[in-house]
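Participant: Quick note: the sequence shown uses UniProt numbering, first residue 1, plus one each step.
Quick reminder that beta carbons are idealized off the backbone N, C-alpha and C, glycines included.
Only a predicted model underlies this, so the values are computations on that prediction, with no experimental measurement involved.
Below you will find the structure I want to go over with you.
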Amino acid sequence: MRKFLPIAALFFVLPPVACGGRNLKEYPETMSASAEFKGAKFSSYRPSVGDSLQESLAPSVVENLGALKDDSEFLKSNPSFRVEIVGFTDDRECIAQDCDALSLRRAKIVYDWFLSQGVMTHSLKPPEGLGNRMAIGDNNTEEGRQRNRRVEVNLIVED
1 MRKFLPIAAL FFVLPPVACG GRNLKEYPET MSASAEFKGA KFSSYRPSVG
51 DSLQESLAPS VVENLGALKD DSEFLKSNPS FRVEIVGFTD DRECIAQDCD
101 ALSLRRAKIV YDWFLSQGVM THSLKPPEGL GNRMAIGDNN TEEGRQRNRR
151 VEVNLIVED
């Protein structure tokens, strides 16, 4: 049975010596920022085809890129970990299949960015888009909708 954990849970749930039956080196001190990973937040309707990651991120681009950089460094330092990258939308920026397509573009742009940073493909499950399913914020408020326009990086734990 597979379990999915946000990469933020990594330091609180998994012991530092094993994952999926493989031994891992101790967590590097410099990677403690990964414990604060909040996921990448996106501007409404972004990315459009051809947009860069930086153009697509919500106004806190520096914060979003910082979290993603920490996670890419962690994945490069711990290549036996495997993650899924899942995109989501709010319920107002698109309808039905358009939401699935937009959320997949979000996941794919993060996936491609991880690869460009040197993360190995075997550490990354192909990107997924779940549209406006699994909202974490209230779609009746702008703040809630912003929380829903996201990409999550989740650790895959194999039993």
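1) Anyone know if the C-beta pair for D100 and G131 falls short of 8 Å?
2) Looking only at DSSP bridge pairs, what is L57 linked to?
3) Within this structure, are the beta carbons of V83 and K125 separated by less than 8 Å?
4) May I ask which residues mark the beginning and end of the beta strand (DSSP E) holding G144?
5) So, D90 versus N154, is the Cβ gap smaller than 8 Å?
6) For S72 versus Q117, is the C-beta spacing smaller than 8 Å?
7) I think V119 touches L75, with their Cβ atoms under 8 Å apart; what is that distance to the nearest whole Å?
8) Closest to G144 by CA distance: which of L57, Q97, Y111 and R92 is it?
9) Return helix, strand or coil for V83, following the three-state DSSP convention.
10) Which residue from G129, N78 and Q54 puts its Cα closest to that of A96?
11) Tell me, to the nearest whole angstrom, how far the beta carbon of I85 is from that of V110; I am working on the premise that it is less than 8 Å.
Facilitator: For this structure:
1) yes
2) F42
3) yes
4) Premise fails: G144 lies in the alpha helix (DSSP H), E142 to N148, not in any beta strand (DSSP E).
5) no
6) yes
7) 5 Å
8) R92
9) strand
10) G129
11) 5 Å
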